[in-house]
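*Asks:*
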Amino acid sequence: MSRDFFRRENFLLARSQPDRNGPNRQATGTQSTLQDSQDGCCMEATTTFARGSGSCPILPGAAGLTGVGRGGCSFEPEPDRGGRSGSPAPMLWRLGSGSGALGGSGALATTRRQGPVAAHGRLDRRCRGLLRRAATRAEMMDLEQPRRPVRVRIAPSPTGDPHVGTAYIALFNYVFARKCGGQFILRIEDTDQARSTRQSEEAILRALRWLGLSWDEGPDVGGPHAPYRQSERSAIYQEHAALLVERGRAYLCFCSPERLEASRRERMARGDSHLGYDRTCRGLPRDEAKRRAAAGEPHVVRLAVPESGTTAFVDGLRGRIAVDNATIDDQVLLKSDGLPTYHLANVVDDHLMGISHVVRAEEWIISTPKHLLLYEAFGWEPPAFYHMPLLRNADRSKISKRKNPVSLDYYRDTGIFPEALLNFLALMGFSFGGGREKFSLSEMIEAFDWSRVGTGGPVFDLRKLSWLNGLYLREMSHEELLQRLRAWRLGDEYLRRVLPLLRERIERLDQFIPMAAYFFAGDLEQLDPAQLVPRGRDAAQTAQVLEELVEHLEVEVRGAWSREALEPACRTFCERIGWKTKELFSAVRVALTGRTAAPPLFDTMEVVGKDLCRRRLRLAAQLLSASRSV
RNA sequence: GGCCCCAUAGUCUAGCGGUUAGGACGUUGGCCUCUCACGCCGAAAACGCGGGUUCAAAUCCCGCUGGGGUCACCA
């Protein structure tokens, strides 16, 4: 722990904590500041204290004790400087250590309990950690001090279905912005030309709107920093990349992907732990590089990361995080197609758009130093960073579509209310306080504080979500519930899609509901494993085929989930695995409808929808894997 | 493997030096009730391990273990 760590003018230690500390400590209105004194090894704690309470919040029980610490530790209360009765009077406590070790302070950690802590002296060691914690906390709180208007953003990449993780991060950004009276911005990070689609972008916007998270600026609503779609801002990134090259903070790299891959492989074989770019082009003379680029040689722009030193930042949830520059790769900033990578685009846009706080997922922690290096290279002040814990599968890996429904559309289609989903997402890492589990978005905004946000990766538990949803459902009026049902799948729109598929299969109206069950159900109950497995195939085989089909459709049906797209994809799949169409289609039919007799498969799939189909296919596969017979 | 993050019941969490370790989902027993559900009451179930600091550690420090993330011309 270096002294530099404490080199700050003021650490705001505690904010008002109305009488949380018990009768002996009228901490109401307490404000403590910790600062290191000139010699760097003496800490002073100034506390403004309710008059007459007589106890140091840093070292409870220390009142009246002076000079009892061993090893040069001492602390002394300064005489009461007076003040009107009942009003806070400042009291200065000096905690010093002559040994060079940092004098200690229990800081917030010890304010709660009373005890003769100080009487035993030996503050140096035990206090160092406490002090660090206090300082860390102070730095974290300092992050929250308004320096500039609060502006946060959610920056989804439109490369797939609207993801529950996007909603999770969007929620915390939204809540924080509203709490601070700041702005919430939506920016589309579509710099991956190969994977980004407009369709996905629209789906994400639709899903976020469904949730009720509204943004102040975005590609659809515009704003002072338009455009909000990175693909429309290429020139900006190119200019900025060029600026860095000019300054010697970035350089052109002509290495082919093939050579890079070979080099990486070779080092991996050698057991080398450094698998990053080998910096071949870093030493290229600037004019030579320019010449080659001008001649049309394909190249990228890389960040010239300092070869020594460390880059550190204060994460708003975890405190100080430091990384050796030697472990940071010379990250590509501009791809050979002229588009930026996330790292460049994100930093440039965050700065240009005046983003004050970056609230994003934990997976970005390790690239934050790169971003900091970029801010530094540009000469910009970086925003504050808050890395939210990652949502997890039941096995604690990062939440993924293989192991969990992650599409927001799935939750909509299974009749989860947006407010319940939001509430549940909030529960993943945020504690309302008082054991309260059910709360509205506006209540969350009211209660929000970063100190109530945790750091452990929460497992996403569908059952608890369902329970919570039930709470919302039962609180609704009949009328409200009726409206919700209609808006879900009992409205004309959906029924009009179902009817054509069933009318030939029923004779009386009373047969409609029983026949149509799987058009409205979420997870199918009572699937018969025996019916799932085609004659001559076994359960394990079928399970695998169904899993693979999901993957296959993932790749093959990128556009609309339509009969036209599904049929050829499924037929191709049959050829690939060597199953007769009859075999596959019957297994799929049972998996999706629970029956052997049903309307045409692809029409059914289209109407049931992508996310529910996916889910049912996986569930069927799981069922087969679990059942050893058949 | 290198680096980084994290660690209270099966799961989500409260806890910020002294608590019978609290709440919720799930599981489970009972009550309510024609049944089921809802609701209500009860039960089982947790501080990963080892050191250190302290009169006192779930809480502070160190180490270990475990889990996760990340090492792309993806974000």
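One point on numbering: in my numbering, the residue at position 619 of the first sequence is 644, and numbering is uninterrupted.
Where is the CB? At the ideal position from N, CA and C, for every residue including glycine.
1. Starting from Gly344, trace the beta strand (DSSP E) in both directions and tell me its first and last residue.
2. Can you list, in chain order, the residues of its chain whose CB lies under 6 Å from that of Leu490, leaving out five sequence neighbours each side?
3. For Asp340, which three-state DSSP category applies?
4. On the three-pair Cβ rule with 8 Å, is the region 364-384 touching the region 177-196?
5. Taking Arg176 as the reference, which of Leu211, Leu515 and Met501 has the closest Cα?
6. Out of curiosity, what's the CA-to-CA distance linking Leu644 and Asp548?
7. Using DSSP with H/G/I as helix, E/B as strand and the rest coil, what is Pro365?
8. Kindly indicate which residue of Thr439, Ser650 and Asp340 has the alpha-carbon position closest to the one of Ala409.
9. Just curious, the beta strand (DSSP E) that Phe209 is in, first and last residue?
10. Tell me, please, which residues DSSP counts as bridged to Glu242.
11. What's the gap between the Cα of Gly495 and the Cα of Ser456?
12. Helix, strand or coil for Ser467? Go by DSSP, reduced to three states.
13. What would DSSP say about Gly154, mapped onto helix, strand or coil?
14. Ignore the nearest five residues each way along the sequence and tell me which others in Cys205's own chain have a CB closer than 6 Å to its CB.
15. Let me confirm a value: Gly619 is counted as buried when at least 16 other C-beta atoms fall within 10 Å, else exposed. Which label applies?
16. Which term fits Ala287, buried or exposed, when burial requires 16 or more other beta carbons within 10 angstroms of its beta carbon?
17. Can you name, in chain order, every residue of its own chain whose Cβ lies under 7 Å from the Cβ of Asn429, other than the five neighbours on each side?
18. So is Ile213 buried or exposed if we call it buried at 16+ other beta carbons inside 10 Å?
19. Going by beta-carbon coordinates alone, are Ala329 and Arg274 separated by less than 8 Å?
20. Helix, strand or coil for Ala546, going by three-state DSSP, please let me know.
21. Output yes or no for whether 8 Å exceeds the beta carbon distance between Lys395 and Ile346.
22. Skipping 5 residues on each side, what residues in its chain have a beta carbon closer than 6 Å to that of Pro407?
23. Please state if the CB of Gln224 and the CB of Leu359 are separated by a distance shorter than 8 Å.
24. Would you say the beta carbon of Ala294 comes nearer than 7 Å to a heavy atom of the ligand FMN?
25. Expressed to the nearest angstrom, what Euclidean distance is found between the alpha-carbon atoms of Ala294 and Val582?
26. Taking 7 Å as the limit between beta carbons, can you name the residues of its chain near Thr606, skipping five residues before and five after?
27. Compute the Euclidean distance between the alpha carbons of Pro187 and Lys635, then round it to the nearest angstrom.
28. For a test of the three-state rule: what should DSSP assign to Cys205, helix, strand or coil?
29. Per DSSP, what are the beta-bridge partners of Thr184 in this structure?
30. Should His250 and Met378 be called a contact, given that it needs their Cβ atoms to be closer than 8 Å?
31. What did DSSP end up calling Val384 once you bin it into helix, strand or coil?
32. Taking buried to mean at least 16 other C-beta atoms within 10 Å of its own C-beta, is Ser467 buried or exposed?
33. Output yes or no for whether 8 Å exceeds the beta carbon distance between Ala564 and Leu649.
34. Per DSSP, which residues does Phe279 bridge with? Please list them.
35. How is Val357 classed by DSSP in three states: helix, strand or coil?
36. Where are the alpha helix (DSSP H) runs, 4 residues long or more, that stay fully inside the region 395-446, in chain order?
*Replies:* The answer reads as follows:
1. Gly344 to Asp349
2. Phe449
3. Shown here, Asp340 sits in a strand according to DSSP, grouped into three states.
4. Proximity of the region 364-384 to the region 177-196 meets the contact definition, three or more beta-carbon pairs being nearer than 8 Å.
5. Leu211
6. So the alpha carbons of these two residues sit roughly 8 Å apart.
7. Pro365 falls in the strand class under three-state DSSP.
8. Asp340
9. Gln208 to Leu211
10. Ile210
11. Between Gly495 and Ser456, the alpha-carbon positions lie close to 20 Å from each other.
12. helix
13. Low per-residue confidence applies at Gly154: pLDDT is 47, beneath 50, and the placement is therefore not dependable, though the value from the model is reported in the following sentence. Correct three-state label for Gly154: helix.
14. These residues qualify, in order along the chain: Val175.
15. buried
16. Residue environment for Ala287: exposed (fewer than 16 other C-beta atoms within 10 angstroms of its C-beta).
17. Close CB contacts of Asn429 within its chain, under the 7 Å cut and outside five residues either way in sequence, are with Asn418 and Phe485 (chain order).
18. buried
19. yes
20. Coil.
21. no
22. Leu397 and Tyr400
23. no
24. For the ligand FMN, the structure offers nothing, since it holds no ligand at all.
25. In a straight line, the C-alpha of Ala294 is about 38 Å away from that of Val582.
26. Arg596 and Cys599
27. The straight-line gap from Cα to Cα measures roughly 13 Å.
28. helix
29. Looking at the DSSP assignment, Thr184 forms no beta bridge with any residue, so it has no partner.
30. yes
31. strand
32. exposed
33. yes
34. For Phe279, which the question treats as bridged, DSSP gives no partner whatsoever.
35. strand
36. As far as the region 395-446 is concerned, its whole alpha helix (DSSP H) runs of at least 4 residues are 433-438.
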